[in-house]
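A short worksheet on the structure shown next.
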Amino acid sequence: MQSDPRPEISLTPTEGWHCSHLFYRFDHARLRALGPNEIADGRRSLIESVQGEIEGVAALQTFLVSGQKADFGVLALGPDPLAVDSVHQRIVSGWLGSAIVPSWSFVSLTEMSEYVPTVEGYARELTEQGLSAESEELQSKLKQYEKRLEIMRRQRLYPDLPVWPAMCFYPMNKMRQGDQNWFVLDFSERERMMREHGASGMKYAGKVTQLVTVGIGLDDWEWGVTLWARNPELLSRIVYEMRFDEASARYAEFGPFYPGYQASLEEILDHCRIGSH
Numbered sequence: 000m001q002s003d004p005r006p007e008i009s010l011t012p013t014e015g016w017h018c019s020h021l022f023y024r025f026d027h028a029r030l031r032a033l034g035p036n037e038i039a040d041g042r043r044s045l046i047e048s049v050q051g052e053i054e055g056v057a058a059l060q061t062f063l064v065s066g067q068k069a070d071f072g073v074l075a076l077g078p079d080p081l082a083v084d085s086v087h088q089r090i091v092s093g094w095l096g097s098a099i100v101p102s103w104s105f106v107s108l109t110e111m112s113e114y115v116p117t118v119e120g121y122a123r124e125l126t127e128q129g130l131s132a133e134s135e136e137l138q139s140k141l142k143q144y145e146k147r148l149e150i151m152r153r154q155r156l157y158p159d160l161p162v163w164p165a166m167c168f169y170p171m172n173k174m175r176q177g178d179q180n181w182f183v184l185d186f187s188e189r190e191r192m193m194r195e196h197g198a199s200g201m202k203y204a205g206k207v208t209q210l211v212t213v214g215i216g217l218d219d220w221e222w223g224v225t226l227w228a229r230n231p232e233l234l235s236r237i238v239y240e241m242r243f244d245e246a247s248a249r250y251a252e253f254g255p256f257y258p259g260y261q262a263s264l265e266e267i268l269d270h271c272r273i274g275s276h
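Here numbering that gives the first Met the number 0 is used: the first residue of the sequence shown is 0, the next is one more, and so on.
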């Protein structure tokens with residue numbers, strides 16, 4: 000008997016994780032209606048419910064957000080979308096829930112970009128550069144690339160979230176207007192531009208790292224980009240420089256930017272003056 004070609008019925012992706020970026024602000028008018036004991040209990044319940052281990056959530060970060068778009072944000076990832084969504088439910092259903100107002104969210108999946116060369120594709124690149132397919136040099140480079148590719152694949156699908164303090168998140172689309180239609184370009188042309196784009200980003204290796212997740216079919220924007228950096232100024236530099244790449248200059252449409260700084264929930268509550276004075 001032939002095996003059933005249909006995918007298993009499941010909420011768990013065949014590869015990768017579900018991902019939610021959640022943004023909130025505090026309603027200080029509602030907070031003023033709460034007594035000191037209620038706020039103290041609310042602080043404690045919020046910290047315990049979100050910073051503890053949550054079944055089905057594989058990775059979670061909390062961060063302060065600068066500006067007036069939000070007060071704080073949460074990044075949660077895992078194989079179970081309902082477990083990931085439960086992070087939001089924990090935040091808004093606690094003792095402080097009536098004073099925590101959702102301001103924005105982005106729902107997506109981790110992915111391995113189709114523009115990352117396969118081992119075979121990398122071999123073609125090397126032969127185009129003049130290396131013989133049978134040469135020891137080419138075979139050595141392929142073995143090294145195969146190891147890097149597996150590490151890259153793991154990090155993109157099941158990321159270890161960086162501990163660097165500065166971060167930002169923004170959603171983006173690829174243009175679909177007139178001559179600026181990304182989705183009617185040949186794959187080879189898209190691949191060329193994304194290779195150029197990736198080369199620009201590699202200049203910041205060890206200084207900035209990123210996570211790109213796909214929201215197509217799940218949210219209003221097609222991709223979400225999360226950047227972490229050793230210093231906030233690096234975020235501005237890399238975004239500025241990469242906008243000159245053709246893939247961005249001609250075909251990218253950007254949504255709102257949310258600059259943030261990693262912080263525990265206790266630090267977030269203190270910074271936002273919630274029961275800390």
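Positions of the beta carbon are idealized from the N, C-alpha and C atoms, including for glycine. Since we're looking at a predicted model, the values are computed, not measured.
{"query": "Where the beta strand (DSSP E) containing Met171 begins and where it ends", "result": "Ala165 to Lys173"}
{"query": "Beta-carbon proximity of Ala58 to Leu74, cut-off 9 angstroms", "result": "yes"}
{"query": "Residue span of the beta strand (DSSP E) that contains Gln60, given as start and end", "result": "Ala58 to Val64"}
{"query": "Proximal residues to Leu217 (C-beta, below 8 angstroms), its chain only, five neighbours per side dropped", "result": "Val106, Ser107 and Leu108"}
{"query": "Contained alpha helix (DSSP H) runs [length at least 4] in the region 190-241, N- to C-terminal order", "result": "231-241"}
{"query": "Gln88 to Phe168 span [Cα, whole Å]", "result": "22 angstroms"}
{"query": "Helix, strand or coil at Leu264 according to DSSP, with G and I counted as helix", "result": "helix"}
{"query": "Given Gly205 as reference, the closest of Leu268, Ala228 and Glu221 once Cα atoms are compared", "result": "Ala228"}
{"query": "Buried or exposed (CB count within 10 angstroms, at least 16 for buried), Leu226", "result": "buried"}
{"query": "Unbroken beta strand (DSSP E) run spanning Pro80, endpoints", "result": "That residue, Pro80, is in no beta strand (DSSP E); its alpha helix (DSSP H) goes Pro80 to Ser92."}
{"query": "Buried or exposed by the 16-neighbour rule on C-beta atoms within 10 Å, applied to Ala198", "result": "exposed"}
{"query": "Extent of the continuous beta strand (DSSP E) to which Arg24 belongs", "result": "His17 to Phe25"}
{"query": "Pro35, enclosing beta strand (DSSP E) - first and last residue", "result": "It is not in any beta strand (DSSP E) - Pro35 instead sits in the alpha helix (DSSP H) that spans Pro35 to Gln50."}
{"query": "Same chain only: Cβ atoms within 8 angstroms of Glu195, ignoring 5 sequence neighbours per side", "result": "Asp244, Glu245 and Ala246"}
{"query": "Contact set for Ser63: own chain, Cβ-Cβ below 7 angstroms, skip 5 residues either direction", "result": "Per the sequence presented here, residue 63 reads as Leu, with Ser not at that position. Excluding residues within five positions, the ones whose Cβ falls inside 7 angstroms are Phe71, Gly259, Tyr260, Ala262, Ile267 and His270."}
{"query": "Simplified DSSP state of Gln154, which is helix, strand or coil", "result": "helix"}
{"query": "Validate contact between the region 43-58 and the region 81-96 using beta carbons, cut 8 angstroms, 3 pairs", "result": "yes"}
{"query": "8 angstroms contact criterion, which Ala69 and Trp103 should meet: CB distance rounded", "result": "7 angstroms"}
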